[in-house]
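Novice: Quick mapping for you: the protein sequence lines, in order, are chains A and B. The numbering of the first sequence is this note's numbering, which starts it at 47 and goes up by one. The numbering of the second sequence is this note's numbering, which starts it at 13 and goes up by one. Where is the CB? At the ideal position from N, CA and C, for every residue including glycine. Have a look at the structure that comes next, please.
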Amino acid sequence: MEEFINVGKRIPKMDAEEKVTGKAIYIHDLKIPGMLHGKILYSPHPHAKIKSIDTSQAEKLPGVKAVLTGYNIPPIKFGVYKDNVPLKANKVCSLRDEVAAVAATDPEIAEEALDLIKVDYEILPGIFDPEEAMKEGALLIHEEHVGGKEKKPTNVLNLPWRLIAGDVEEARKNSAFVAEDRFKVTWVTHCCMGTSGCVAMFDLKNNLTVYSITQIPSLEQRDFTDALAAMGLKGKKARVIKTMIGGGFGSKLDTYAFEYIAILLAYKTRKPVKIIFSREEEFFATSPRQPAIIDIAQGCTKDGRLTFRDIRMILDNGAYTSWGATTPSVMMMPISSLYKVPNVRYIAKCVYTNNTYSQAMRGYGNPQATFAIDSQLDILAEMAGIDPLDFRMRNANTPGEVTPQNFKINTCGLRECIDAVAQKLDWRQVRGRKDGRGVGMASLIHVGGGARVYKSDGCGTIIKMDDFGTVNVFTGATDMGQGSETVIAQIVAEELGVRVEDVVVTHTDTDICPWDVGAHASRTTFVAGNSAKGAAKKVKDQLLEVAAKSLGESIENLDIRDRTIYSKKDPEKKSPLGKVLRAAHYTAGGSMVMAEYFYDPNNENLDREFKGNLSVTYAYGTHGVEVEVDKETGQVKILRYVAAHDVGRAINPMLLEGQVYGGATQGIGYALTERLILQNGKVMNPNFLDYKMLTAKDVPNFETIVVETNDQFGPFGAKGIGEPGLVPTAPAIANAIYDAVGVRIKDLPITPEKVLAALKDKEKK
Amino acid sequence: MGKQTLSFTLNGEPVSVETESHLTLLQLLRDKLELIGTKEGCGMGECGACTVLLDGKTVNSCIFPAMEVDGKNVVTIEGLTDAQGNLHPLQKAFVEYGAVQCGFCTPGMVLAAKSLLDENPKPTEEEVRHGIAGNLCRCTGYIQIIQAIKAVSGQI
Chain A
47 MEEFINVGKR IPKMDAEEKV TGKAIYIHDL KIPGMLHGKI LYSPHPHAKI
97 KSIDTSQAEK LPGVKAVLTG YNIPPIKFGV YKDNVPLKAN KVCSLRDEVA
147 AVAATDPEIA EEALDLIKVD YEILPGIFDP EEAMKEGALL IHEEHVGGKE
197 KKPTNVLNLP WRLIAGDVEE ARKNSAFVAE DRFKVTWVTH CCMGTSGCVA
247 MFDLKNNLTV YSITQIPSLE QRDFTDALAA MGLKGKKARV IKTMIGGGFG
297 SKLDTYAFEY IAILLAYKTR KPVKIIFSRE EEFFATSPRQ PAIIDIAQGC
347 TKDGRLTFRD IRMILDNGAY TSWGATTPSV MMMPISSLYK VPNVRYIAKC
397 VYTNNTYSQA MRGYGNPQAT FAIDSQLDIL AEMAGIDPLD FRMRNANTPG
447 EVTPQNFKIN TCGLRECIDA VAQKLDWRQV RGRKDGRGVG MASLIHVGGG
497 ARVYKSDGCG TIIKMDDFGT VNVFTGATDM GQGSETVIAQ IVAEELGVRV
547 EDVVVTHTDT DICPWDVGAH ASRTTFVAGN SAKGAAKKVK DQLLEVAAKS
597 LGESIENLDI RDRTIYSKKD PEKKSPLGKV LRAAHYTAGG SMVMAEYFYD
647 PNNENLDREF KGNLSVTYAY GTHGVEVEVD KETGQVKILR YVAAHDVGRA
697 INPMLLEGQV YGGATQGIGY ALTERLILQN GKVMNPNFLD YKMLTAKDVP
747 NFETIVVETN DQFGPFGAKG IGEPGLVPTA PAIANAIYDA VGVRIKDLPI
797 TPEKVLAALK DKEKK
Chain B
13 MGKQTLSFTL NGEPVSVETE SHLTLLQLLR DKLELIGTKE GCGMGECGAC
63 TVLLDGKTVN SCIFPAMEVD GKNVVTIEGL TDAQGNLHPL QKAFVEYGAV
113 QCGFCTPGMV LAAKSLLDEN PKPTEEEVRH GIAGNLCRCT GYIQIIQAIK
163 AVSGQI
């Protein structure tokens with residue numbers, strides 16, 4: 047076993063002191079001299095024609111510096127499908143449609159000005175159910191949108207998600223048991239504690255700076271550069287500077303109307319413009335995880351080997367398109383590769399409605415798909431008369447396997463995870479009592495070695511050192527609270543033979559930091575970590591080269607430990623790092639100790655059939671829960687919660703546990719309490735009183751089990767762990783409820799009302 | 013809109029500030045006094061990010077009228093470190109136990125914990141959970157926050 051100084055240690059998050067003292071600057075805290083405040087007027091109708099807008103009264107209000115509408119802005123298009131514009135003209139398609147915006151000297155004046163804007167609408171009927179919207183002759187959300195071979199107008203997006211492997215029909219015929227069910231999942235939202243916001247400003251040469259809380263700085267920079275071109279400012283520069291981010295969870299993977307509105311207002315007024323969302327806006331005007339209708343069939347042989355998995359899915363895209371529409375690409379992962387299943391078919395459709403538009407959220411579709419797959423696995427196991435534990439063990443993935451989607455599995459600790467959960471819960475003893483208490487488990491696969499979503503999955507790192515041994519690391523990675531700066535510092539310190547406190551990580555400015563595709567797909571530890579490690583290796587080589595001359599020792603005999611370069615042959619030959627650095631800088635014909643490294647993992651884009659080795663390695667895990675169900679009230683209480691994860695290696699076990707605790711807590715919310723209630727497109731519960739996030743009183747004491755498989759491609763063996771913590775939570779709980787009281791709830795969240803209704807139904811039978 | 017001069021103790025120091033009568037305590041602290049450590053998470057008194065201590069008890073400053081602090085004692089997160097900038101034991105524990113991720117809920121959470129321990133130095137875990145139940149956190153799942161508070165009360 048290798049001995050590490052920095053890796054594997056419970057090192058506190060580097061910015062924790064700043065945050066715990068209230069000194070950290072979030073977007074809400076930012077003030078720039080002369081700054082104006084922007085506010086947005088939203089449509090009061092989910093579907094309507096705009097007949098006229100009169101902004102004259104608003105413009106006259108003292109303190110108002112600019113009023114914009116869809117009729118006086120340049121043609122900026124944004125979003126994954128480029129189907130959205132910052133301010134809508136002619137037609138609105140949802141209740142979050144931005145119709146006008148104001149910049150004023152004071153937020154209250156801006157708010158007051160919104161009330162003075164008169165908009166005349168012609169109300170159109172709305173369509174809020176994706177199954178309705180798919181029907182022939184349904185009214186169209188975007189009249190110009192056409193699809194299919196005939197290029198006919200349609201609400202179905204031109205994203206034909208379709209994965210076929212093997213022969214599902216044949217496998218179905220040959221299955222001893224087949225389960226068929228419909229599962230449903232609903233809208234839930236990220237609930238970042240810090241609401242959305244930005245500050246946009248132009249310099250005298252019309253170069254743009256945006257203070258932002260994005261998860262994708264380099265891609266946001268590109269989006270803003272495109273916007274500048276659309277504004278007639280082609281060739282002007284966009285710079286993105288991140289403040290502290292008050293939570294991400296996938297909500298900040300795209301650019302949004304409010305950012306373009308701030309840019310347009312700043313350009314119009316020649317002043318910095320700040321837009322900050324209220325909590326109500328955060329609930330109705332940001333993009334949640336979308337609902338899905340999931341029709342699933344799985345079959346197995348007599349002895350419980352999976353034969354096929356067949357899934358059809360309909361996703362509510364909402365009125366515009368962000369990454370929510372691409373979640374089926376990630377759903378394919380558990381559908382094809384969670385447990386060994388030789389024949390797979392998956393067809394998904396994303397459909398425009400007049401609802402709010404959807405975005406990816408932590409897990410990126412995986413929690414939705416896994417809820418259906420792993421709930422139904424228990425149903426199938428029961429049909430086959432096999433303990434769900436044995437059923438999972440029999441079908442568990444193994445190292446060296448190539449899955450039907452052509453994922454190449456290197457390390458895989460799934461069996462260890464299943465086994466560890468079963469042991470902890472005392473599975474054989476406690477299962478099957480049907481006395482109001484029960485146990486359930488579910489597993490996960492997720493990308494653990496990056497994910498080639500774009501043409502590149504790369505991340506750059508620059509490292510420079512000063513005269514005294516301080517290591518400045520400039521990374522493309524984004525920290526939104528998960529601790530990537532700390533993990534990167536640990537990796538660099540380990541590689542360079544220094545201490546974490548010697549390392550300063552800068553990750554906030556596109557003018558300074560190298561390129562990266564963003565904080566998604568649990569890729570940061572793996573990709574940014576490998577990138578940082580590569581740069582540190584190059585810096586180390588430079589240091590050893592300088593030291594070799596001054597110490598009169600050959601490079602291969604030198605190493606660095608605890609800030610000192612020493613000879614492995616002759617321990618007397620040594621030199622502190624600072625001295626070596628000064629020698630490099632001050633010697634005639636000297637050199638600078640500095641290196642860059644770009645790491646782009648050796649993974650593959652999915653091909654036309656949606657097959658390919660998407661990630662260099664895959665993360666696995668199993669969650670097990672014991673619940674108590676109150677038969678009188680339908681309340682579900684979690685008595686024990688065990689989370690076992692194959693993490694490759696824990697670079698920082700404390701931060702890793704934080705990811706698992708936080709993920710599983712979001713997962714329990716998804717399973718039991720959280721639901722964004724939409725009625726005719728309107729969010730009915732845009733506040734924390736009615737949207738039920740878990741509180742400190744609701745969370746169980748999670749028992750975590752870390753399985754270290756030490757992946758050969760990971761930085762010091764590590765895999766990603768950002769998302770896995772919430773993936774198997776809902777099916778594990780649903781399975782435990784079934785074990786406790788014999789009712790199977792197939793739509794989320796599993797509220798007491800649903801449990802009670804199911805119990806009553808069961809009694810009748 | 014009426015203006016009034018408020019005099020109160022803020023983080024151990026007397027302050028006197030002229031303020032509009034409609035301001036909330038949060039607006040007074042953040043906008044007038046530039047104490048940005050107090051956060052606005054919801055503006056509706058539901059999430060606890062804006063928690064400050066008023067005569068030792070927690071209040072949601074986002075819905076608390078500024079006028080009502082006249083003559084009283086207010087402690088914000090900025091008042092927890094000592095004059096030399098040393099962290100309060102609770103702040104230290106939050107750092108060391110990984111209780112901070114995005115950090116937006118942290119100032120309010122620390123103050124809720126302080127109020128709890130000032131009143132009840134040896135709370136049970138149930139009491140700890142109850143004491144911070146008005147403070148929402150989306151990142152941590154609360155576990156490491158609970159551990160940090162238990163550590164300060166000598167129970168880990």
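What residue from Ile187(A), Lys282(A), Val319(A) has the CA that sits closest to Leu76(A)'s CA?
Specialist: Measuring from the Cα of Leu76(A), the nearest candidate turns out to be Val319(A).
Novice: Does DSSP classify Lys614(A) as helix, strand or coil?
Specialist: Three-state DSSP puts Lys614(A) in coil, outside helix and strand.
Novice: With a threshold of 16 other CB atoms inside 10 Å of the CB of Ile168(B), please say whether the residue is buried or exposed.
Specialist: The residue is exposed, with fewer than 16 neighbouring Cβ atoms inside 10 Å.
Novice: What residues of chain A sit near Phe76(B), judged by a beta carbon separation below 9 Å?
Specialist: The contacting residues do not exist; Phe76(B) stays about 17 Å from chain A at best.
Novice: Check this for me: beta carbons of Asn733(A) and Met56(B), under 8 Å apart or not?
Specialist: In this structure, Met56(B) lies closer than 8 Å to Asn733(A) by Cβ.
Novice: Considering only the beta carbon of each residue, do Gln422(A) and Ile309(A) sit closer than 8 Å?
Specialist: Not in contact: Gln422(A) and Ile309(A) (Cβ atoms no closer than 8 Å).
Novice: Measuring straight from C-alpha to C-alpha, what distance separates Ala184(A) and Ser368(A)?
Specialist: Whole-angstrom Cα-Cα distance: 23 Å.
Novice: Tell me the DSSP secondary structure of Arg569(A) in three-state form.
Specialist: Arg569(A) falls in the coil class under three-state DSSP.
Novice: So is Gln96(B) buried or exposed if we call it buried at 16+ other beta carbons inside 10 Å?
Specialist: Exposed, by the Cβ-count rule.
Novice: Residues of chain A with a CB under 8 Å from the CB of Leu41(B): which are they?
Specialist: Simply none; closest approach about 10 Å.
Novice: Note down the Cα distance separating Thr668(A) from Asp356(A), rounded to an integer number of angstroms.
Specialist: Distance between the alpha carbons of Thr668(A) and Asp356(A): 23 Å.
Novice: At what residues does the alpha helix (DSSP H) containing Phe329(A) begin and finish?
Specialist: From DSSP, the alpha helix (DSSP H) with Phe329(A) extends over 325 to 330.
Novice: According to DSSP, simplified to helix, strand and coil, what is Ile434(A)?
Specialist: Before going on, a small fix: residue 434(A) reads as Pro here, not Ile. Three-state result, Pro434(A): helix.
Novice: For Met730(A) and Tyr737(A), what's the separation of their Cα atoms in angstroms?
Specialist: Cα to Cα, Met730(A) sits roughly 9 Å from Tyr737(A).
Novice: Residues of chain E with CB closer than 7 Å to the CB of Ile89(B), please, in chain order.
Specialist: The structure shown contains no chain E; its protein chains are A and B.
Novice: With 16 other CB atoms within 10 Å as the buried threshold, where does Glu46(B) fall?
Specialist: So Glu46(B) counts as exposed.
Novice: My understanding is that Cys151(B) touches Gln113(B), with C-beta atoms under 8 Å, so please give their C-beta distance in whole angstroms.
Specialist: Contact flag correct, Cβ pair sits at about 3 Å.
Novice: Three Cβ pairs or more, each shorter than 8 Å: is that satisfied between the region 413 to 428 of chain A and the region 772 to 781 of chain A?
Specialist: Judged by Cβ distances under 8 Å, the region 413 to 428 of chain A makes contact with the region 772 to 781 of chain A, as three or more pairs qualify.
Novice: Taking Cβ to Cβ, would you say Arg228(A) is nearer than 8 Å to Ile339(A)?
Specialist: Result yes, Cβ atoms of Arg228(A) and Ile339(A) sit closer than 8 Å.
Novice: If I follow the unbroken beta strand (DSSP E) through Arg228(A), where does it start and stop?
Specialist: That run of the beta strand (DSSP E) goes 223 to 231.
Novice: Taking Trp207(A) as part of the beta strand (DSSP E), name the residues at either end of that continuous run.
Specialist: It spans 207 to 211 - the beta strand (DSSP E) in which Trp207(A) sits, taken as one unbroken run.
Novice: What separation, rounded to the nearest whole angstrom, lies between the Cα atoms of Phe10(A) and Arg268(A)?
Specialist: Summary: the structure shown does not reach residue 10(A), with chain A confined to residues 47 through 811, and so no result is reported for it.
Novice: Pull up the distance between the alpha-carbon of Glu190(A) and that of Leu361(A), whole angstroms please.
Specialist: Rounded to the nearest angstrom, the two C-alpha atoms are 21 Å apart.
Novice: Would you say Val148(A) and Gly84(A) are within 8 Å of each other, going by their C-beta atoms?
Specialist: In contact: Val148(A) and Gly84(A) (Cβ atoms closer than 8 Å).
Novice: Report the option in Gly125(A), Ala594(A), Glu531(A), Ala593(A) whose CA atom is closest to the CA atom of Ala371(A).
Specialist: It is Gly125(A).
Novice: Output, in chain order, the set of chain A residues within a Cβ distance shorter than 9 Å of Ile158(B).
Specialist: Neighbours of Ile158(B) on chain A, chain order: Ala742, Val745, Asn747.
Novice: List, in chain order, every chain A residue whose beta-carbon is nearer than 8 Å to that of Ala61(B).
Specialist: Correct list: Met239.
Novice: Using the Cβ count rule (16 or more neighbours within 10 Å means buried), how would you classify Thr679(A)?
Specialist: With fewer than 16 other Cβ atoms within 10 Å, it is exposed.
Novice: Closer than 9 Å between beta carbons: that is the criterion. Which residues of the region 270 to 292 of chain A meet it against chain B?
Specialist: Answer in chain order: Met290, Ile291, Gly292.
Novice: Under 9 Å between beta-carbons, which chain A residues line up against Pro26(B)? List them in chain order, please.
Specialist: None at all; the shortest Cβ gap to chain A is about 21 Å.
Novice: Using a threshold of 8 Å, state whether the C-beta atoms of Gly296(A) and Ser140(A) are closer than that.
Specialist: Not closer than 8 Å, so no.
Novice: Looking only at DSSP bridge pairs, what is Glu144(A) linked to?
Specialist: BP columns for Glu144(A) point to Tyr88(A).
Novice: Mind checking Arg141(B): buried by the 16 CB within 10 Å criterion, or exposed?
Specialist: Classification for Arg141(B): buried.
Novice: Could you tell me which uninterrupted alpha helix (DSSP H) segments, each at least 4 residues in length, are contained entirely in the region 517 to 543 of chain A, listed from first to last along the chain?
Specialist: Qualifying alpha helix (DSSP H) stretches, in chain order: 530 to 542.
Novice: Go through its chain and collect everything with a Cβ distance to Ala468(A)'s Cβ below 8 Å, but skip five positions before and after it.
Specialist: Cβ neighbours of Ala468(A) beyond the five flanking positions: Leu435, Arg474, Met487, Gly670.
Novice: Are Val493(A) and Ala567(A) touching if we call contact CB-CB under 8 Å?
Specialist: Cβ distance < 8 Å, so Val493(A) and Ala567(A) count as in contact.
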